[in-house]
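Numbering (the numbering used here), first residue to last: 50 to 145.
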């Protein structure tokens, strides 16, 4: 049985991509980030990478360096999904 936490993977736009494109040099990372920009589960993906301290690859539109910076800025976060959803909701409420 698939956990609710991992079900987002089925909706990820990168699911049909070559995994090497997500774990490559900076040129490929830029292309991967472009795919992430329109992905409906970008937040879930990024939260998994941050919560799991995943060091390599593009996750949720971020590189390793991007994620390290987020983790340094907020070292005491227990659930990145909650933080990211709250930020998304705040931006949405300000926009509309």
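Backbone N, C-alpha and C fix where the C-beta goes; we use that ideal spot for every residue, glycine too. None of these values were measured; they are calculated from a predicted model.
- Rounded to the nearest angstrom, the gap between the Cα atoms of residue 84 and residue 120 is 23 Å.
- The Cβ neighbour count for residue 91, taken over all protein chains shown within 10 Å, is at least 16; the residue is labelled buried.
- Taking the CA atoms as reference points, residue 87 sits about 20 Å from residue 99.
- Non-local beta-carbon contacts of residue 102 in its own chain, meaning distances under 8 Å to residues more than five positions away in sequence, involve 120 in chain order.
- If you check the CB distance, residue 95 and residue 112 do not come in under 7 Å.
- With a cutoff of 7 Å on beta-carbon distance, residue 107 and residue 62 are scored as not near each other.
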